[in-house]
Amino acid sequence: MNLKQLIIAFLSPRYPAAYTEAAIAQRLNASQMLDKRCTVDEVSDALRALHKMKMVDLQIDQMDNSAVWQVTEEGSKRWVLEGRVAV
Numbered sequence: 175m176n177l178k179q180l181i182i183a184f185l186s187p188r189y190p191a192a193y194t195e196a197a198i199a200q201r202l203n204a205s206q207m208l209d210k211r212c213t214v215d216e217v218s219d220a221l222r223a224l225h226k227m228k229m230v231d232l233q234i235d236q237m238d239n240s241a242v243w244q245v246t247e248e249g250s251k252r253w254v255l256e257g258r259v260a261v
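Structure (structure tokens):
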């Protein structure tokens, strides 16, 4: 699986929760499902690409004004079609 697929696989089952880029990178690296560790910058780039594809939405956390990401309905549909891989 590639980074974008794993991001969707991480966010989908946790909806409606939203996560920072650093938290997503940390969890993906802990899963050891990538060939190499990903950086926060790589996750950020993948999230922006997924946002353009309408697979994720950027939210602003009201508690601390941090940017957090959440899967969209379209992203969840893609996750189901790809076999509901758990991360």
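Going by my numbering, the first residue of the sequence shown is number 175, and it counts up by one from there.
We put the beta carbon where it would ideally sit given N, CA and C, even for glycine.
Exposure of residue i, with buried meaning 16 or more beta-carbon neighbours within 10 Å
i           : result
residue 195 : buried
residue 221 : buried
residue 181 : buried
Beta-carbon spacing of residue i, residue j below 8 angstroms
i           : j           : result
residue 198 : residue 253 : no
residue 211 : residue 184 : no
residue 228 : residue 248 : yes
residue 245 : residue 259 : no
Strand pairing of residue i, partner residues [DSSP]
i           : result
residue 215 : Paired residue(s): none; residue 215 is not in a bridge.
residue 231 : 244
residue 189 : Answer by DSSP bridge pairing: none, since residue 189 is not bridged.
Supposed close pair residue i, residue j - CB separation, criterion 8 angstroms
i           : j           : result
residue 232 : residue 241 : 6 angstroms
residue 186 : residue 250 : 5 angstroms
Is the segment 200-220 touching the segment 176-186, taking contact as three or more C-beta pairs under 8 angstroms?
-> With the cut-off at 8 angstroms, the segment 200-220 and the segment 176-186 touch.
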